[in-house]
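Listed in order, the protein sequences are those of chains S and C.
Quick note: the first sequence uses our numbering, first residue 174, plus one each step.
Quick note: the second sequence uses our numbering, first residue 174, plus one each step.
Number of protein chains: 2
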Amino acid sequence: MTERRPSSERRIEILEAALTIFVKKGYSEARMDDIVQEIGLSKGALYHHFQSKRDLFIALIEHWMDQFSPIERGGLMRAKPSREIILHIAKFTAKLFKRNPNWFLVEPEIWAFANRDREIKEMASHLYASVLSEFEALIKRGIEYGEFRNVNEGMIAMSIMTSLHGMIWFALFKPNDFSLEEYVDLNMELILDGIAIQN
Amino acid sequence: MTERRPSSERRIEILEAALTIFVKKGYSEARMDDIVQEIGLSKGALYHHFQSKRDLFIALIEHWMDQFSPIERGGLMRAKPSREIILHIAKFTAKLFKRNPNWFLVEPEIWAFANRDREIKEMASHLYASVLSEFEALIKRGIEYGEFRNVNEGMIAMSIMTSLHGMIWFALFKPNDFSLEEYVDLNMELILDGIAIQN
DNA sequence: TATTACATACCGACCAGTCGGTATGTAATA
DNA sequence: TATTACATACCGACTGGTCGGTATGTAATA
């Protein structure tokens, strides 16, 4: 028997194993037994903590969303120009990605699932909407402070997000000519210079 | 019994049904019976034309790649500036997308599959490499003709491709604030203006 | 009449989820 | 400080439905 652990800890341990397996094999090909084996636990134990495979996946998404929300922006928001804040977020995201690519590599899996599951689609939509609105606010702020041209902030926000999503493609098909950091930097600068007031 | 058809026609019909089903349910959740039912055929017939589910998926990718290669660039390449050619390709891609989003919505499915299947990964890599090199050539040409700044053409090519991939996210989570065309236009202009020689 | 295009009935591996049970805590009561 | 009572964490053999794939037969076509 494995050592006992409080549910709160064990759940997280399972979620992390699930992330690994879901990324490696994809949701449908992932076996509950694979996940359990990853941490030397039993199937019974897994079903003690999670009701079903889908339930586990939903919990994983929630766990995953938690990882991104506290992208420390507290002190940042004050004095600095929007440009720098956005750049900082982008760099920070790239760093997160480097540290644990799996958090990003599940995304296509979530998309695929969202495509056939209302609840999960709504969860994802919700997350993306909040990310978008955060960028929107930053751009709006930049416009008001005479930093950016009078652009459509919603669309620029989407451009930023799509660029960051490009990292996923990057991780999947690793072009070896250049680095992830270069890619992120260049893309952000293209966007930010593009909407900056010329002088 | 369904009317008989020459294999070449029937194969395509099956591939199109498969595309619909694979997009709707995802590869793993898609049932061979679903595909067959879609066109009122029998399972035996399907297995007469394709050896296995995986084989069908590979054939689908090949069929899918054929849809994109002949993006009529014949006459275009001659006189016009690279900027216009790239814009044209982008607009054309957006048009293709509008006509049949499914061709794009399979992409995440292909990525997911590529992640656990060497052969499919190589197919996809090959396709993306050729798309990238096409854009690269256009940008290089633009640089040589004094149209663009001396940028890293490989990276810009990737930016362009990622932007176009953004359409997929767009289709999945349809933001209703603005149109696909606007999104593509804006993104392309950001990139192209960003690398243009200022004057 | 040989071949191709299809239909139908069937097989069996596979796997999410179940369930009877055990082991380890913990806290109230005697 | 035992003892009882209950709760939580965990085990793993088992099952029932599912679904990719096959075997076999038949009608159309060349």
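Ideal placement from N, C-alpha and C gives every residue a C-beta, glycine not left out.
State yes or no: is the C-beta of residue i within less than 7 Å of the C-beta of residue j?
i	j	result
E362 (chain S)	S255 (chain S)	no
L219 (chain S)	A191 (chain S)	no
I333 (chain S)	F351 (chain S)	no
K198 (chain C)	R289 (chain S)	yes
V196 (chain C)	L278 (chain C)	yes
I368 (chain S)	V304 (chain S)	no
L311 (chain C)	M238 (chain C)	no
G327 (chain S)	T335 (chain C)	no
W276 (chain S)	Q240 (chain S)	yes
G213 (chain S)	T175 (chain S)	yes
I381 (chain S)	R322 (chain S)	In the structure displayed, chain S extends from 174 to 372; residue 381 (chain S) sits before or after that span and is not available.
Residue i: buried (16+ other C-beta within 10 angstroms of its C-beta) or exposed?
i	result
I185 (chain C)	exposed
P281 (chain S)	buried
G217 (chain S)	exposed
Y200 (chain C)	buried
I259 (chain S)	buried
N360 (chain S)	buried
A252 (chain S)	exposed
Run through the DSSP bridge pairs and tell me what residue i is partnered with.
i	result
F321 (chain S)	S:A369
Assuming residue i contacts residue j under a Cβ cut-off of 8 Å, what Cβ separation, rounded to an integer in Å, is found between them?
i	j	result
A263 (chain C)	L345 (chain C)	Contact doesn't hold; Cβ gap of about 20 Å is too wide.
A287 (chain S)	A297 (chain S)	5 Å
I208 (chain C)	I187 (chain C)	7 Å
R183 (chain S)	H236 (chain S)	In fact, because the Cβ distance is near 13 Å, the residues do not count as touching under 8 Å.
M331 (chain S)	P274 (chain C)	The Cβ separation is near 17 Å, so there is no contact.
A285 (chain S)	A203 (chain C)	Their Cβ separation, rounded to whole angstroms, is 11 Å, which puts A285 (chain S) and A203 (chain C) out of contact at 8 Å.
F270 (chain S)	L365 (chain S)	Not really, about 20 Å apart at Cβ, beyond 8 Å.
E211 (chain C)	I231 (chain C)	Actually they are not in contact, since the Cβ atoms of E211 (chain C) and I231 (chain C) sit about 19 Å apart, beyond 8 Å.
Suppose only complete runs of 4+ residues qualify. What are the alpha helix (DSSP H) ranges in the stretch 202 to 241 of chain S, listed by chain order? 205 to 211, 216 to 222 and 226 to 241
Any alpha helix (DSSP H) of 4 or more consecutive residues that is wholly inside the stretch 302 to 363 of chain C: 326 to 346
Which runs of the alpha helix (DSSP H) at least 4 residues long sit entirely within the stretch 175 to 202 of chain C? Give them in chain order. 180 to 198
At what residue ranges does the stretch 250 to 287 of chain S contain a whole run of the beta strand (DSSP E), taking only runs of 3 or more? none
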